[in-house]
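Note sheet for the following structure.
Residue numbers (this note's numbering): 7 to 154.
Now the structure itself:
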(Lines of atoms letter the chains of each structure in order from A and count residues from 1; the text may use other names and numbers.)
(Lines give C-alpha, C1' and ligand atoms only; values in the text may rest on other atoms or scores of the structure.)
Protein backbone atom coordinates (compact mmCIF):
# COMPACT_ATOMS: atom_id res chain seq x y z
CA UNK A 1 0.00 0.00 0.00
CA UNK A 2 2.79 2.44 0.87
CA UNK A 3 4.54 1.63 -2.39
CA UNK A 4 1.37 2.34 -4.37
CA UNK A 5 1.03 5.80 -2.73
CA UNK A 6 4.64 6.70 -3.54
CA UNK A 7 4.32 5.68 -7.19
CA UNK A 8 1.07 7.56 -7.67
CA UNK A 9 1.44 10.17 -10.43
CA UNK A 10 -2.10 11.48 -10.76
CA UNK A 11 -1.12 15.08 -9.93
CA UNK A 12 -3.51 17.64 -8.52
CA UNK A 13 -7.22 17.35 -8.98
CA UNK A 14 -9.16 20.00 -10.83
CA UNK A 15 -10.67 21.32 -7.59
CA UNK A 16 -7.23 21.69 -5.95
CA UNK A 17 -5.88 23.54 -8.97
CA UNK A 18 -8.86 25.88 -9.08
CA UNK A 19 -8.53 26.59 -5.36
CA UNK A 20 -4.87 27.61 -5.77
CA UNK A 21 -5.76 29.74 -8.81
CA UNK A 22 -8.55 31.54 -6.91
CA UNK A 23 -6.27 32.26 -3.94
CA UNK A 24 -3.55 33.59 -6.24
CA UNK A 25 -6.07 35.75 -8.13
CA UNK A 26 -7.43 37.26 -4.93
CA UNK A 27 -3.90 38.06 -3.75
CA UNK A 28 -3.07 39.71 -7.08
CA UNK A 29 -6.35 41.65 -7.10
CA UNK A 30 -5.68 43.02 -3.61
CA UNK A 31 -2.04 44.02 -4.19
CA UNK A 32 -2.28 45.50 -7.71
CA UNK A 33 -3.67 48.95 -6.70
CA UNK A 34 -0.90 49.39 -4.14
CA UNK A 35 1.79 48.49 -6.66
CA UNK A 36 0.56 50.99 -9.28
CA UNK A 37 0.27 53.87 -6.80
CA UNK A 38 3.74 53.09 -5.45
CA UNK A 39 5.29 53.47 -8.90
CA UNK A 40 3.39 56.73 -9.49
CA UNK A 41 4.53 58.05 -6.13
CA UNK A 42 8.14 57.30 -7.01
CA UNK A 43 7.89 59.39 -10.18
CA UNK A 44 6.24 62.27 -8.33
CA UNK A 45 8.85 62.09 -5.57
CA UNK A 46 11.60 62.20 -8.19
CA UNK A 47 10.12 65.36 -9.71
CA UNK A 48 9.67 66.93 -6.27
CA UNK A 49 13.33 66.15 -5.59
CA UNK A 50 14.16 67.95 -8.83
CA UNK A 51 12.15 70.94 -7.59
CA UNK A 52 14.05 70.91 -4.30
CA UNK A 53 17.35 70.75 -6.19
CA UNK A 54 16.35 73.79 -8.24
CA UNK A 55 15.46 75.78 -5.10
CA UNK A 56 18.72 74.69 -3.47
CA UNK A 57 20.69 75.92 -6.50
CA UNK A 58 18.85 79.22 -6.44
CA UNK A 59 19.53 79.84 -2.76
CA UNK A 60 23.13 78.68 -3.15
CA UNK A 61 23.62 81.17 -6.01
CA UNK A 62 22.36 84.01 -3.82
CA UNK A 63 24.37 83.07 -0.73
CA UNK A 64 27.68 82.33 -2.46
CA UNK A 65 27.26 85.02 -5.16
CA UNK A 66 28.39 82.46 -7.74
CA UNK A 67 26.68 81.20 -10.88
CA UNK A 68 25.01 77.81 -10.39
CA UNK A 69 24.00 75.46 -13.20
CA UNK A 70 21.82 72.38 -13.46
CA UNK A 71 22.89 70.31 -16.47
CA UNK A 72 21.04 67.27 -17.78
CA UNK A 73 23.71 65.01 -19.22
CA UNK A 74 22.30 62.27 -21.40
CA UNK A 75 19.05 60.64 -20.35
CA UNK A 76 19.15 60.23 -16.56
CA UNK A 77 22.11 62.09 -15.07
CA UNK A 78 22.02 65.55 -13.44
CA UNK A 79 25.18 67.59 -12.93
CA UNK A 80 25.31 70.49 -10.48
CA UNK A 81 27.95 73.05 -11.45
CA UNK A 82 29.28 76.05 -9.53
CA UNK A 83 31.05 78.64 -11.70
CA UNK A 84 31.47 75.96 -14.37
CA UNK A 85 33.07 73.39 -12.06
CA UNK A 86 31.30 70.16 -11.16
CA UNK A 87 30.05 70.24 -7.58
CA UNK A 88 27.97 67.04 -7.54
CA UNK A 89 25.92 64.73 -9.70
CA UNK A 90 22.75 62.73 -9.31
CA UNK A 91 21.03 60.00 -11.32
CA UNK A 92 17.29 59.99 -11.93
CA UNK A 93 15.30 56.85 -11.20
CA UNK A 94 14.82 54.43 -14.12
CA UNK A 95 11.15 55.42 -14.43
CA UNK A 96 12.00 59.08 -15.22
CA UNK A 97 14.15 59.95 -18.24
CA UNK A 98 15.14 63.24 -19.83
CA UNK A 99 13.48 63.37 -23.25
CA UNK A 100 15.55 63.64 -26.43
CA UNK A 101 13.10 66.33 -27.63
CA UNK A 102 14.72 68.95 -25.40
CA UNK A 103 16.68 71.63 -27.23
CA UNK A 104 18.51 72.86 -24.16
CA UNK A 105 20.02 70.88 -21.33
CA UNK A 106 21.02 73.60 -18.86
CA UNK A 107 19.36 75.89 -16.31
CA UNK A 108 21.63 78.70 -15.11
CA UNK A 109 21.09 80.69 -11.91
CA UNK A 110 22.82 84.06 -11.75
CA UNK A 111 24.33 85.30 -8.45
CA UNK A 112 21.15 87.34 -7.93
CA UNK A 113 19.11 84.11 -7.86
CA UNK A 114 17.37 84.81 -11.17
CA UNK A 115 17.23 82.30 -14.00
CA UNK A 116 19.25 83.38 -17.03
CA UNK A 117 16.55 82.41 -19.57
CA UNK A 118 13.26 80.56 -19.56
CA UNK A 119 13.19 76.87 -20.47
CA UNK A 120 10.85 73.92 -20.74
CA UNK A 121 12.26 70.48 -20.09
CA UNK A 122 10.38 67.35 -21.09
CA UNK A 123 10.65 64.17 -19.06
CA UNK A 124 9.27 60.78 -20.04
CA UNK A 125 7.78 58.68 -17.26
CA UNK A 126 5.92 55.38 -17.19
CA UNK A 127 2.68 57.34 -16.86
CA UNK A 128 3.41 59.73 -19.72
CA UNK A 129 5.07 63.02 -20.47
CA UNK A 130 5.89 65.64 -17.84
CA UNK A 131 6.90 69.23 -18.66
CA UNK A 132 9.01 71.23 -16.22
CA UNK A 133 8.68 74.91 -17.14
CA UNK A 134 11.10 77.53 -15.84
CA UNK A 135 10.06 81.18 -15.94
CA UNK A 136 12.35 84.20 -16.01
CA UNK A 137 12.20 85.20 -12.38
CA UNK A 138 13.41 83.93 -9.08
CA UNK A 139 13.54 80.20 -9.72
CA UNK A 140 9.86 79.77 -10.41
CA UNK A 141 9.01 76.52 -12.06
CA UNK A 142 5.86 74.58 -12.85
CA UNK A 143 5.61 70.82 -13.15
CA UNK A 144 2.88 69.95 -15.65
CA UNK A 145 1.74 66.34 -16.02
CA UNK A 146 0.76 66.26 -19.70
CA UNK A 147 -0.21 62.65 -20.39
CA UNK A 148 -1.72 61.55 -17.09
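We put the CB at the ideal spot given by N, CA and C, even for glycine.
In this structure, residue 139 sits away from residue 152, with a CB-CB distance that is not shorter than 8 Å. Along the length of the region 57–86, whole beta strand (DSSP E) runs at least 3 residues long occupy 74–79, reported in chain order. The C-alpha of residue 19 is placed about 43 Å away from the C-alpha of residue 48. 71 is the residue among 28, 141, 36 and 71 whose C-alpha sits nearest the C-alpha of residue 88.
For the 8 Å CB-CB criterion, residue 147 and residue 60 form a contact. By the 16-neighbour rule on beta-carbons within 10 angstroms, residue 104 is buried.
When the beta-carbon positions are compared, residue 73 and residue 116 come within less than 8 Å of each other.
For residue 137, the enclosing beta strand (DSSP E) stretches over residues 134–140. Nearest C-alpha to residue 112 among 79, 93, 39 and 141: 79. Taken through DSSP and simplified to helix, strand or coil, residue 129 comes out as strand.
The three-state secondary structure of residue 114, taken from DSSP, is strand. Between the beta-carbon of residue 58 and that of residue 119 there is about 16 Å, and that puts the pair past the 8 Å contact cut.
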